[in-house]
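What follows is one structure encoded as structure tokens, with my remarks underneath.
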Amino acid sequence: MTSTADEDVVTTSAPVLEVAGVTKRFPGTVALDDVSFSLRRGEVHALVGENGAGKSTLIKVLTGVYRPDEGEIRHLGAPVGFRRPIDAQRAGISTIYQEVNLVPLMSIASNVFLGREPRTRAGLVDWAKLNADARELLKGYGIEADVRRPLHTLGVGAQQMVALARAVSTDAGVVVMDEPTSSLEPREVDTLFEVLARLHAEGIAVIYVSHRLDELYRVCDSVTVLRDGKVVHSGPLKPLPRIELVSMMLGREIRQIRAEGVTAFGEEHHAEREPLLRAENLSGGHKLHDVSVSVRPGEVVGLAGLLGSGRSETARALVGAFPLDGGTVLVAGKPLKRGRIAAAMRAGIALLAEDRKADGIIPNLSVRENIVLAALPSLSTLGFVNRAKQDRVVKTFMDRLRIKAASPEQKVSELSGGNQQKVLLARWLATGPKILLLDEPTRGIDVGAKAEVQALIDELAREGLAVLLISSELEELLDGADRVVVLRDGSVAGELTGEAITEDNVLAAIAAGGDDGH
Ligand code: ADP
Ligand code: MG
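In the working numbering, each number is its position in the sequence shown, counted from 1, plus 66.
Below is the structure:
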């Protein structure tokens with residue numbers, strides 16, 4: 067994948083797949099806006115962009131899940147109109163989604179040959195041949211398990227390998243992978259990369275969606291960067307400096323490129339105070355590696371990084387909601403029992419999780435009920451809810467956060483996104499936390515509510531709360547944080563304080579590292 071001889075092949079052969087001027091609209095959104103790019107035989111093509119950039123939509127258009135509103139897709143030079151995923155599959159375009167789309171109760175071998183089982187002369191499924199072929203094929207994918215066992219007995223990573231084996235063995239000319247390594251163990255990642263090298267040698271083209279820069283530079287030949295549904299760059303990957311790639315993904319201009327490997331510099335604002343929250347060497351699976359971070363009372367510490375860099379996992383680990391293999395979380399110097407959410411709450415840590423729909427708001431309950439939920443134990447006496455006390459708390463926070471609702475009894479689902487987010491914030495503030503972890507607190511809310519939430523975060527910190535702020539919006543961190551810790555691929559890549567918290571420095575820390583020379 068890296069030799070220059072190969073690059074000649076890549077640039078001179080005709081495209082297997084072309085996307086020409088494709089536009090795809092959803093109500094209120096242009097998910098793809100005049101997107102064009104082409105994929106050549108044997109190339110591993112990275113598709114990158116932040117959340118909502120249009121990557122999944124593009125894949126779905128390519129594989130017949132969606133029809134483009136405008137533009138066309140050409141396969142081996144000829145326009146195609148896939149109506150269903152099976153059409154794309156028949157044309158040799160196979161997709162491996164994050165969620166494996168196989169049949170868990172069927173045997174591993176049957177999953178590989180589903181719909182194209184070898185037959186005996188009598189027309190029956192030739193099980194002996196099917197199992198033997200599957201065994202032989204899967205060996206190349208690092209799977210040595212008994213292929214007659216049901217698929218679900220394999221780990222998620224191994225199941226993904228089976229999906230890949232299936233895809234490749236259907237004479238695929240193009241394999242599309244949407245974040246393939248996010249559920250793989252390190253050993254499986256190595257196997258996947260070996261498989262990619264083999265696909266490359268066989269002339270199979272791969273579209274590879276991932277946020278892990280190290281990985282991209284290791285396995286990809288070219289890259290297409292999407293932002294807000296538009297292609298902002300398409301070309302060879304290796305000559306492209308990481309910082310340029312990152313700034314294109316995030317939509318930032320680089321005014322001045324700093325040397326890579328930014329580490330702690332700048333003055334320490336809160337150095338005089340002991341950290342209230344300290345996490346030491348948090349490690350969990352392949353998502354977190356030795357992450358250490360601390361927050362002092364009155365300090366807002368920002369966590370920066372690309373999607374998948376381990377920001378949310380870190381926040382969840384701090385409240386015991388992400389399984390750790392190693393590391394310690396200390397509050398006021400006292401270690402917390404690992405994996406105990408209740409213990410973290412008792413110690414005064416509150417987490418406002420990223421996805422308020424899945425992880426927070428209970429749509430059928432009232433504003434009042436949603437607010438008091440987490441604080442209920444302290445608002446009850448001998449198991450009976452003290453309604454007067456409850457109403458006081460609800461009123462206090464509705465006023466303070468300026469929650470716009472007809473009354474506390476209004477269903478929370480009837481409020482705007484911004485007000486729902488404030489309700490969630492109120493829920494956690496009502497528990498009287500000393501440490502507040504905020505994961506994307508302003509995502510998806512309107513500008514007015516956003517400014518209010520940002521001002522509130524400031525105010526809470528001034529009152530002495532220790533705040534950890536995760537945000538994908540650089541401005542929010544640049545404006546709101548006293549210190550910024552940058553994560554990359556599950557590790558701390560740098561830390562910036564005071565004057566050193568600049569856009570360029572954060573980008574440089576996100577982009578630095580690796581052994582590809584950038
Ligand atoms: P990515 O995979 O890069 O995160 P997506 O392709 O999922 O981005 O989304 C691109 C944009 O299209 C987003 O604004 C998203 O909200 C919107 N979108 C995606 N799928 C749908 C859908 N089925 N209905 C409405 N909007 C959608
Ligand atoms: Mg996606």
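Cβ atoms here follow ideal geometry from the backbone N, Cα and C, with glycine treated the same way. Keep in mind the model is a prediction, meaning the values are calculated, not measured.
Query: Separation of V285 from S69, as counted between CA atoms; Result: With a pLDDT of 44 at S69, under the threshold of 50, the modelled position of this residue cannot be trusted, and the question is left open.
Query: Meets three-Cβ-pair contact criterion under 8 Å: the segment 469 to 477 and the segment 521 to 538; Result: no
Query: Rounded Cβ spacing between K121 and L113 (contact assumed at less than 8 Å); Result: 5 Å
Query: Through-space distance from R156 to G514, alpha-carbon basis; Result: 50 Å
Query: Nearest candidate by alpha-carbon position, reference P134, set L171, V96 and A383; Result: V96
Query: Within 7 Å, strictly: CB atoms of V395 and L384; Result: yes
Query: Backbone CA spacing between A345 and R377 [nearest angstrom]; Result: 13 Å
Query: Neighbour flag for D199 against chain B, beta carbons, 7 Å; Result: The displayed structure is made up of one protein chain only, and chain B is not part of it.
Query: Own chain partners of P216 with C-beta closer than 8 Å, once the 5 adjacent residues on each side are dropped; Result: P170, L171, M172, S173 and I174
Query: Spatial distance of E210 from M243 (CA atoms); Result: 23 Å
Query: K121 Cβ short of 6 Å to the ligand MG heavy atom set; Result: yes
Query: Segment limits, beta strand (DSSP E) that includes F103; Result: T95 to R106
Query: Contact test: G115 Cβ vs the ligand ADP heavy atom, cutoff 6 Å; Result: yes
Query: Residues near L495 by beta carbon distance below 7 Å, same chain, minus five either side; Result: F463
Query: Cβ-based neighbour list, S479, same chain, cut-off 6 Å, excluding 5 preceding and 5 following; Result: P429
Query: Helix, strand or coil at N347 [DSSP, three-state]; Result: strand
Query: Assigned exposure category for E525 - 16 Cβ within 10 Å defines buried; Result: exposed
Query: V361 to L369 span [Cα, whole Å]; Result: 11 Å
Query: Sheet register partners of H141 (DSSP bridge); Result: L83 and A144
Query: L585 versus V558: straight-line alpha-carbon distance, rounded; Result: No statement about residue 585 is possible, as the shown extent of the chain runs from 67 to 584 and does not include it.
Query: Nearest residue (CA-CA) to G405, options A416, D391 and G414; Result: D391
Query: Contact test: F179 Cβ vs the ligand NAP heavy atom, cutoff 6 Å; Result: This structure simply doesn't include the ligand NAP; it includes the ligand ADP and the ligand MG instead.
Query: Proximity to L504 [Cα-Cα], best of V438, L535, H355 and D570; Result: L535
Query: Helix, strand or coil at F92 [DSSP, three-state]; Result: strand
Query: Secondary structure of M227, DSSP reduced to three states; Result: helix
Query: CA nearest to the CA of G108, picked from S102, D100 and V82; Result: V82
Query: A233 versus Q226: straight-line alpha-carbon distance, rounded; Result: 10 Å
Query: The ligand ADP heavy atom lying under 6 Å from the CB of F92; Result: yes
Query: Option nearest R308 by Cα separation, candidates V255, R554, H355 and A440; Result: R554
Query: Contact test: T563 Cβ vs the ligand ADP heavy atom, cutoff 6 Å; Result: no
Query: Exposure label - I642; buried when at least 16 CB within 10 Å; Result: This structure cannot speak to residue 642, because the chain is shown only from 67 to 584.
Query: Local conformation of A410 per DSSP, three classes; Result: helix
Query: Residue range of the unbroken alpha helix (DSSP H) whose run includes D457; Result: R453 to R466
Query: Beta strand (DSSP E) runs contained entirely in the segment 140 to 222, provided each spans 3 or more residues; Result: 144 to 146 and 159 to 162
Query: E541, DSSP secondary structure in three states; Result: helix
Query: Any non-hydrogen atom of the ligand ADP within 6 Å of G510 CB; Result: no
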